[in-house]
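To start, the structure under review is shown below, and the notes come after it.
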Amino acid sequence: MRKYELVYIVSPDATEEQVTDLHTQIEAIVQRMGIGAIEKTENWGRRRLAYEIGRHKEGIYVIETINGNGELMKEIDRRIKVTDLIIRHLVVRVDEQEGIVARTQASRTATTRRRRVARGLPPDRQPGEGQRGDGDDDRDDRFDGVEVER
Numbered sequence: 005m006r007k008y009e010l011v012y013i014v015s016p017d018a019t020e021e022q023v024t025d026l027h028t029q030i031e032a033i034v035q036r037m038g039i040g041a042i043e044k045t046e047n048w049g050r051r052r053l054a055y056e057i058g059r060h061k062e063g064i065y066v067i068e069t070i071n072g073n074g075e076l077m078k079e080i081d082r083r084i085k086v087t088d089l090i091i092r093h094l095v096v097r098v099d100e101q102e103g104i105v106a107r108t109q110a111s112r113t114a115t116t117r118r119r120r121v122a123r124g125l126p127p128d129r130q131p132g133e134g135q136r137g138d139g140d141d142d143r144d145d146r147f148d149g150v151e152v153e154r
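The sequence shown begins at 5 in the working numbering and counts up one residue at a time.
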């Protein structure tokens, strides 16, 4: 099972009932195929579009996080394409990105610990450490010469 994000923009002319009905239709597809599950649904509400789509300048944004496989997402994509209320949609696989973020964080943590040990400091930051005036000029508190507030 892979994790996907489905983002779709509903026409601003749609009612709240119609938006809920679209979510129910997607939920029914997931249940009927029996392959995955909807993890989370967020309705961001009416927002201004970055550019005009057709005659629409606004739209209702909905994001759904779905656990499933490629066949499930192909079926959802096929159904969304024929739905008149949805003016744009996008399906993105996010499990790869979460793995990349986890590896990057682990690498940064290991580098920070190695540098701290080389300077004679404990590997992990102590509470209250890194504040102004403590004498620790830790490079981790700066980004291109600009101090980062915590």
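Don't be surprised by glycine CBs; every beta carbon is placed ideally from N, CA and C. Being a predicted model, the structure only gives us computed values, none of them experimental.
Check                                                                                                                                                                        : Outcome
Is DSSP giving R123 helix, strand or coil here?                                                                                                                              : coil
Starting from A32, trace the alpha helix (DSSP H) both ways and give me its first and last residue.                                                                          : E20 to M37
For the alpha helix (DSSP H) containing L76, name the first residue and the last one.                                                                                        : G74 to K85
What's the gap between the Cα of L89 and the Cα of A54?                                                                                                                      : 18 Å
Does the distance from the C-beta atom of E9 to that of V98 stay below 7 Å?                                                                                                  : yes
Count the other C-beta atoms from every protein chain shown that fall within 10 angstroms of the C-beta of D138, then say buried if there are 16 or more, exposed otherwise. : Residue confidence is low: D138 scores 48 on pLDDT, short of 50, so the model does not pin down where it sits. Its coordinate-derived value is still stated next. When all chains shown are included, D138 counts as exposed.
Helix, strand or coil for R50, going by three-state DSSP, please let me know.                                                                                                : strand
DSSP state of V105, grouped into three classes?                                                                                                                              : helix
Rounded to a whole number of angstroms, what is the C-alpha to C-alpha distance between D128 and A41?                                                                        : 39 Å
I70 and V23: beta carbons closer than 7 Å?                                                                                                                                   : no
Name the two residues that bound the continuous beta strand (DSSP E) containing V96.                                                                                         : I90 to R97
What residues in its chain sit with their C-beta under 8 Å from that of N73, if we drop five residues either side in the sequence?                                           : M5, R6, I39 and G40
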